[in-house]
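Quick notes on the structure that follows.
Protein chains: 2
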Amino acid sequence: MKHIKKDKCDCRIIHEEKVNEARQRALDDLVTENLCETFKALGDMSRLKVLWALEYQEMCVCDLAALLGITESAVSHQLRLLRTLRLVKNRREGTILYYRLADDHVSQLVRIALEHIQEPGVKN
Amino acid sequence: MKHIKKDKCDCRIIHEEKVNEARQRALDDLVTENLCETFKALGDMSRLKVLWALEYQEMCVCDLAALLGITESAVSHQLRLLRTLRLVKNRREGTILYYRLADDHVSQLVRIALEHIQEPGVKN
DNA sequence: TGCATATCTGAACACATACTCATATATATA
DNA sequence: TATATATATGAGTATGTGTTCAGATATGCA
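Top line first, the protein sequences correspond to chains A and B.
In terms of our numbering, the first sequence opens at residue 1 and continues consecutively.
In terms of our numbering, the second sequence opens at residue 125 and continues consecutively.
So, in structure tokens, the structure goes:
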């Protein structure tokens with residue numbers, strides 16, 4: 001069952017079939033990058049707080065800045081990223097821009113991640 | 125309805141009720157940090173590839189290294205992080221450690237994120 | 001015990017990124 | 001048009017992070 005294979009190049013492979021299988025099933029690199037960007041967007045305290053707040057109600061930039069305790073500029077930078085990834089949308093009312101979640105994927109992602117971190121730790 | 129409030133301090137708040145509401149509903153900081161760490165773990169090409177591979181079959185460190193095209197050391201570092209966050213588990217067979225997903229939360233998270241990025245882009 | 005293999009760990013470095021500051025843009029109103 | 005407000009943008013900077021390299025641990029076997 002085991003193909004012990006040691007080449008001179010440092011790509012040492014123990015289970016060749018497994019690696020080949022994994023290669024075939026691998027996601028397209030572009031898809032993986034998009035996935036990566038999305039998770040990266042969620043992996044930041046400021047953006048996470050923004051998204052959590054927007055899950056309940058739409059809010060404008062300066063309110064979010066007050067909520068997070070950072071400058072409006074910083075919030076704006078983050079919102080641009082979230083907009084680019086289609087995680088949030090906005091609507092204008094005069095000079096004020098109200099941001100809201102783009103769809104319920106964010107809610108679902110956060111809910112599942114919450115489940116995960118609250119799950120009791122098990123030995124291996 | 126609008127409380128225009130401009131203080132000398134730069135925490136300008138337009139909708140005070142919204143900010144207060146958001147503050148009350150805000151997640152505990154420690155919980156947010158854990159959430160953040162979890163998403164951060166998913167927001168990396170190497171770790172994402174590892175997790176995607178492990179969703180189908182358990183694999184050992186050097187096979188994962190071969191699959192990703194990085195050193196075994198790099199994979200090991202990443203696996204330690206994933207283990208710490210209880211995203212993967214391992215079992216030992218001789219000198220070989222086989223890694224697998226800890227539960228199906230990762231699968232769910234990736235599936236939802238995939239849905240999100242594949243959703244057709246809509247104007248605002 | 002001694003050697004080989006598989007994995008882990010710490011240090012160092014190159015690169016990414018989140019923030020602030022200064023400034024620009026957009027909308028509303030006088 | 002001129003002014004004020006809300007937001008966006010670009011540059012600069014300090015911190016974070018993923019990688020490799022060198023060396024340490026751990027298990028198996030002669």
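Ideal Cβ positions, reconstructed from N, Cα and C, are used throughout, including at glycine.
Cutoff 7 Å; reference residue i; Cβ partners in own chain excluding five residues on either side
i: V19/A; result: I13
i: L48/A; result: L42
i: R204/B; result: none
Limits of the unbroken alpha helix (DSSP H) element including residue i
i: L101/A; result: Note, L101/A: premise wrong, no alpha helix (DSSP H); beta strand (DSSP E) at I96 to L101.
i: D44/A; result: Segment: none, D44/A is in no alpha helix (DSSP H) and carries neither H nor E.
i: Y72/A; result: The question names Tyr, but residue 72/A in the sequence shown is Glu. Unbroken alpha helix (DSSP H) run through E72/A: E72 to T84.
i: A150/B; result: Where A150/B is concerned, there is no enclosing alpha helix (DSSP H), given that its DSSP letter is neither H nor E.
i: E115/A; result: H105 to Q118
Contact set between residue i and chain B, taken where Cβ atoms lie within less than 8 Å
i: A66/A; result: C135, R136, I137 and V143
i: Y56/A; result: E145, A146 and R149
i: V110/A; result: L159
Contact list for residue i against chain A, beta-carbon separation under 7 Å
i: D168/B; result: C36
Beta-bridge partners of residue i, as assigned by DSSP
i: I14/A; result: I14/A pairs with nothing; no bridge assigned.
i: K89/A; result: R100/A
i: C184/B; result: Y222/B
Residues near residue i by beta carbon distance below 6 Å, same chain, minus five either side
i: R210/B; result: A226
i: L192/B; result: S170 and K173
i: L154/B; result: none
i: P120/A; result: none
i: S231/B; result: E179
i: R147/B; result: none
Where residue i meets chain B, residues with beta-carbon distance less than 9 Å
i: A26/A; result: K173, W176, A177 and L191
i: I70/A; result: Near I70/A there are no residues of chain B at all, since even the closest Cβ is about 10 Å away, more than 9 Å.
Partners in chain A for residue i, counting only beta-carbon separations shorter than 8 Å
i: E157/B; result: M45
Of the listed residues the options, nearest to residue i (C-alpha basis)
i: T208/B; options: Q24/A, R111/A and I117/A; result: I117/A
i: T95/A; options: V61/A, V88/A, A65/A and T71/A; result: V61/A
i: V88/A; options: A74/A, E72/A, S73/A and H105/A; result: H105/A
i: E140/B; options: D63/A, E55/A, D28/A and L35/A; result: D63/A
i: E112/B; options: V199/B, D168/B, T195/B and R224/B; result: Because chain B here runs from 125 to 248, residue 112/B falls outside it and cannot be looked at.
i: V110/A; options: Q148/B, M183/B, T162/B and D168/B; result: T162/B
Contacts of residue i in chain B (Cβ-Cβ under 7 Å)
i: A115/A; result: Reading the sequence as shown, one finds Glu at residue 115/A and not Ala. By Cβ distance, chain B contributes H229.
Cβ neighbours of residue i in the same chain (closer than 8 Å, five flanking residues each side left out)
i: A189/B; result: T195, E196, A198 and V199
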